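Inspection log for the structure reproduced underneath, given as structure tokens.
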Amino acid sequence: MEVDGVSVSPDHYINGQRVSSSRTFEDRTPLDWTWKLADVARGTAVDADLAVAAARDAFPAWAALSTMERGVYLDRLADLIDRDVEKIAHVECLDMAMLEESLKLRVIGRGARNFRAYAELARNYAPRRWSSNGTENTVLRMPAGVTVVITPWNAPFMLSTWKCAPALAAGNTVILKPAEWSPLTCSMLMDLVDEAEFPPGVFNMVQGMGDEVGAALVRDPRVRRISFTGSPETGRLIGGAAAQNLVPFTAELGGKGPFIVFADADLEAAAEKAAVMYDDGGQVCLAGTRLLIESSIREEFVNLFEVATKRHVLGDSRDPATTVSPLIHPEHLLRVGAFVERARNNGDTIVFGGGLDRDDGLWYQPTLVEPKSNDSEIVQREVFGPVLTIQTFADEHEAVELANSTQYGLSAIIYTNSDERAERLGTQLRAGTIWVNCFLVRDLSAPFGGTGISGIGREGGDYALDFYSDLKTLQIKEGTTHG
Ligand code: NAD
1 MEVDGVSVSP DHYINGQRVS SSRTFEDRTP LDWTWKLADV ARGTAVDADL
51 AVAAARDAFP AWAALSTMER GVYLDRLADL IDRDVEKIAH VECLDMAMLE
101 ESLKLRVIGR GARNFRAYAE LARNYAPRRW SSNGTENTVL RMPAGVTVVI
151 TPWNAPFMLS TWKCAPALAA GNTVILKPAE WSPLTCSMLM DLVDEAEFPP
201 GVFNMVQGMG DEVGAALVRD PRVRRISFTG SPETGRLIGG AAAQNLVPFT
251 AELGGKGPFI VFADADLEAA AEKAAVMYDD GGQVCLAGTR LLIESSIREE
301 FVNLFEVATK RHVLGDSRDP ATTVSPLIHP EHLLRVGAFV ERARNNGDTI
351 VFGGGLDRDD GLWYQPTLVE PKSNDSEIVQ REVFGPVLTI QTFADEHEAV
401 ELANSTQYGL SAIIYTNSDE RAERLGTQLR AGTIWVNCFL VRDLSAPFGG
451 TGISGIGREG GDYALDFYSD LKTLQIKEGT THG
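Counted the way my numbering counts, the sequence shown spans residues 1 to 483.
Here it is in structure tokens:
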């Protein structure tokens, strides 16, 4: 099958083979909803069973390889991704409408970096050793087994590789289930897995609906790790399935991050960065969607923010001039619009935006809402669209209180000129990642995840390799002779 001149398989990839399904689902582009990109295989419990069986069979040999040997496959895959960045970026832009320029320059290449970084980290593992109670203790990592990775529709290629890379590097075999709203680039990844000559069954992928093939995968008792990124609602369901089989799982879930601006900050830089929250239609879990502004600078900040926001160009994500992409799906557009309507009905003030940008597409206007109170739904629930709220605070204490007042805890952004304040807030804010005077700067060795309903567990660096391993303690009595 061809998608705008690029070859993409609509099928699953199981045991090194393409496998079709009797049923399919339609995949359309948010850039033009009348354009059907593909009819994609709609997996069932039978496909889930096949994939788990293949991964189970492939596990012993893959787990027995050294980290050096597994790293050769991961590095080879990284090179192939780098080779195909443009093609993958183009298809992902069509599939989920993220800006093509940033996909090309940053997002897809991050997929290659994910594989390289984890190959390197696994190779360099230095087991922790210490003496106590007359024994020499050593912590060893054992590959855990079959791993299911379930990912959301935003940035599907990057987010999937972020989880599959450490799972494979740790010696696990993997089944990836991409989201049904953007299934294509994970399928392209499987062509590269094939070209990199991974042994059959080591890295599999099934396409389909979450409540069908996804649910079948997570309830399979042969699965030994589950890694999920998506909404808190689905996270609860998957957590329930993991609990039934006593399987460790990580969940990277939704966010409602605060974007806190203090009067001592570089206000222009803060306003410019705040306007970036509308990029990609605001469909970014890490976005700081609650603007919390020190009262004394509210007016000045809002003026600067409006100027920065007006520079946004809503348009076709393939066009380098575009900065705000359409929303992923008509259902999602309705959901975002309904949030704003409920805010209006609640008596919250729509400062700007608050409607469709044009009648013939999935673009929603960059929107700013001033809530009636901190309890307003628009403050407390993730919208996952180009909708920000604005509130003010009198002092640092109130800023922290507002920032920590939702059930989420994924990220926080602070603009201040005081490193002492930054350190103080760093300890007080409830969030997995806190950026000060910057946003989306990532070091792959840092722990990543959320607190509250933003997630369970941490991935990133050694934290991920530990999660995908069974840690084992070896104790040898001191004085045991060598050899
Ligand atoms: P979603 O929860 O609807 O779906 C995510 C995945 O789960 C999809 O592949 C879906 O098919 C699958 N799924 C659904 N029901 C399932 C079930 N019963 N069993 C197994 N799998 C099932 O989320 P979404 O709408 O695709 O993504 C948006 C959400 O993801 C937002 O809340 C966003 O904040 C979050 N997200 C979080 C991060 C993070 O790193 N924390 C990153 C990106 C997105």
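Ideal Cβ positions, reconstructed from N, Cα and C, are used throughout, including at glycine.
Treat the numbers as computed from the prediction; the structure is a model and nothing was measured.
Between L65 and K472, which are expected to be in contact by the criterion C-beta below 8 Å, what is the C-beta distance as a whole number of angstroms?
Within the sequence shown, numbered from 1, the residue matching residue 65 stands at position 65. Within the sequence shown, numbered from 1, the residue matching residue 472 stands at position 472. A Cβ-Cβ distance of about 18 Å is found for the pair L65 and K472, leaving them out of contact under the 8 Å criterion.
Between the region 301-311 and the region 404-416, can you find at least three pairs of beta-carbon atoms closer than 8 Å?
Proximity of the region 404-416 to the region 301-311 falls short of the contact definition, fewer than three beta-carbon pairs being nearer than 8 Å.
Could you check if S132 belongs to the surroundings of the ligand NAD, using beta carbon to heavy atom distance under 7 Å?
Translated into positions along the sequence shown, residue 132 becomes position 132. Flag unset: Cβ of S132 not near the ligand NAD.
Does any heavy atom of the ligand NAD sit closer than 7 Å to the C-beta of S102?
Here residue 102 is taken as the residue at index 102 of the sequence shown, counted from 1. No - the ligand NAD has no heavy atom lying nearer than 7 Å to the Cβ of S102.
Could you pull out every residue in the same chain whose Cβ sits closer than 7 Å to the Cβ of W153, ignoring the five residues on either side in sequence?
By 1-based counting over the sequence shown, the position of residue 153 is 153. M96, A179, W181, S182 and I328, listed in sequence order.
Nearest-angstrom beta carbon gap, V284 and A270 [assumed within contact, 8 Å]:
Position 270 of the sequence shown holds residue 270. Position 284 of the sequence shown holds residue 284. Contact doesn't hold; Cβ gap of about 18 Å is too wide.
Taking 7 Å as the cut-off, is the C-beta of L189 nearer than that to any heavy atom in the ligand NAD?
Mapped onto the sequence shown, residue 189 falls at position 189. Flag unset: Cβ of L189 not near the ligand NAD.
Less than 8 Å between the beta carbons of V387 and V336, yes or no?
The residue you call residue 387 lines up with position 387 of the sequence shown. The residue you call residue 336 lines up with position 336 of the sequence shown. Between V387 and V336, the gap from beta carbon to beta carbon is short of 8 Å.
Give the list of continuous beta strand (DSSP E) stretches no shorter than 3 residues that lie fully inside the region 139-210.
146-150, 173-177 and 203-205
Own chain residues within Cβ distance below 6 Å of F259, not counting five before or after:
Looking up residue 259 in the sequence shown gives position 259. Cβ neighbours of F259 beyond the five flanking positions: A274, G288, L291 and I413.
Where F384 and G282 are concerned, what is the direct C-alpha to C-alpha distance, given to the nearest angstrom?
Here the question's residue 384 lines up with position 384 in the sequence shown. Here the question's residue 282 lines up with position 282 in the sequence shown. About 6 Å.
For the ligand NAD, is there a heavy atom less than 7 Å away from the beta-carbon of W153?
The residue labelled residue 153 in the question sits at position 153 within the sequence shown. Taken from the Cβ of W153, at least one heavy atom of the ligand NAD lies inside 7 Å.
So the candidates are V213, A242 and A265; which of them puts its Cα closest to the Cα of R225?
Here residue 225 is taken as the residue at index 225 of the sequence shown, counted from 1. Taking only the C-alpha atoms, the option nearest R225 is A242.
Mapping the DSSP letters down to three states, classify T44 as helix, strand or coil.
As a working mapping, residue 44 is identified with position 44 in the sequence shown. Three-state DSSP puts T44 in coil, outside helix and strand.
Got a sec? Which residues, its chain only, sit under 6 Å from V351 by beta carbon, not counting five neighbours each side?
Against the sequence shown, residue 351 aligns to sequence position 351. For V351, where only same-chain residues beyond five positions count, the Cβ hits under 6 Å are L368 and E370.
Between P30 and T322, what straight-line distance do the alpha-carbon atoms span, to the nearest angstrom?
Numbered from 1 along the sequence shown, position 30 holds the residue referred to as residue 30. Numbered from 1 along the sequence shown, position 322 holds the residue referred to as residue 322. Note on geometry: alpha-carbon atoms of P30 and T322 lie some 14 Å from one another.
Kindly indicate which residue of P447, F439 and G455 has the alpha-carbon position closest to the one of E252.
If you number the sequence shown from 1, residue 252 lands on position 252. Comparing Cα-Cα distances from E252 to each of P447, F439 and G455, the minimum goes to G455.
Near A338, what residues of its chain come up, given a Cβ to Cβ distance below 8 Å and the 5 sequence neighbours on each side ignored?
Your numbering for residue 338 matches position 338 in the sequence shown. None.
Kindly identify the DSSP beta-bridge partner or partners of K273.
Here the question's residue 273 lines up with position 273 in the sequence shown. Answer is none; K273 lacks a bridge partner.
Spatial distance of T309 from E331 (CA atoms)
Translated into positions along the sequence shown, residue 309 becomes position 309. Translated into positions along the sequence shown, residue 331 becomes position 331. Spanning the two alpha carbons is a distance of roughly 25 Å.
With DSSP run on the structure shown, which of helix, strand or coil describes A38?
Here the question's residue 38 lines up with position 38 in the sequence shown. Strand.
Does DSSP put K256 in a helix, a strand or coil?
Within the sequence shown, residue 256 is the residue found at index 256, counting from 1. Of the three classes helix, strand and coil, the one that applies to K256 here is coil, per DSSP.
Can you pull the DSSP bridge partners for N137?
Reading the sequence shown from its first residue, position 137 is the one you call residue 137. Beta-bridge pairing links N137 to W130 and Q475.
Between D266 and G347, what straight-line distance do the alpha-carbon atoms span, to the nearest angstrom?
Sequence index remark: in the sequence shown, residue 266 carries index 266 (1-based). Sequence index remark: in the sequence shown, residue 347 carries index 347 (1-based). Approximately 32 Å, taken between the alpha carbons.
From E401, A446 and V436, pick the residue whose C-alpha is nearest to that of Y118; which is it?
If you number the sequence shown from 1, residue 118 lands on position 118. Distances from the CA of Y118 to each of E401, A446 and V436 were compared; the closest alpha carbon is that of A446.
From what residue to what residue does the beta strand (DSSP E) around R381 run?
Within the sequence shown, the letter at position 381 stands for residue 381. No beta strand (DSSP E) contains R381, which DSSP labels as neither H nor E.
Under 8 Å between C-beta atoms of E377 and R421:
Numbered from 1 along the sequence shown, position 377 holds the residue referred to as residue 377. Numbered from 1 along the sequence shown, position 421 holds the residue referred to as residue 421. Result no, Cβ atoms of E377 and R421 do not sit closer than 8 Å.
Spatial neighbours of G426 in its chain, beta-carbon cut-off 7 Å, leaving aside the 5 residues before and after
One-based indexing of the sequence shown puts residue 426 at position 426. Closer than 7 Å at Cβ, skipping near neighbours: I434.
Spell out the partners DSSP gives Y389 in its beta bridges.
Looking up residue 389 in the sequence shown gives position 389. Checking the sequence, you will find Thr at residue 389 rather than Tyr. T389 pairs with R290 and V369.
Quick test of your reading: A122 and T67, contact by CB under 8 Å. State the CB separation rounded to the nearest angstrom.
Along the sequence shown, one-based indexing puts residue 122 at 122. Along the sequence shown, one-based indexing puts residue 67 at 67. A Cβ-Cβ distance of about 4 Å is found for the pair A122 and T67, placing them in contact under the 8 Å criterion.
If you drop the 5 nearest sequence neighbours on each side, which residues of the same chain put their C-beta closer than 6 Å to that of G214?
Taking the sequence shown and counting its residues from 1, the one referred to as residue 214 is at position 214. Result list for G214: I150 and K177, in chain order.
By the DSSP assignment, the alpha helix (DSSP H) with Q428 in it spans what residues?
Position 428 of the sequence shown, counting from 1, holds the residue named residue 428. That run of the alpha helix (DSSP H) goes D419 to Q428.
In three-state DSSP terms, what is Q17?
As a position in the sequence shown, residue 17 is number 17, starting the count at 1. Strand.
Using DSSP with H/G/I as helix, E/B as strand and the rest coil, what is S352?
Mapped onto the sequence shown, residue 352 falls at position 352. Looking at the sequence provided, one finds Phe at residue 352 rather than Ser. Three-state DSSP puts F352 in a strand.
For a test of the three-state rule: what should DSSP assign to L327, helix, strand or coil?
Mapped onto the sequence shown, residue 327 falls at position 327. The answer is coil: DSSP assigns L327 none of H, G, I, E or B.
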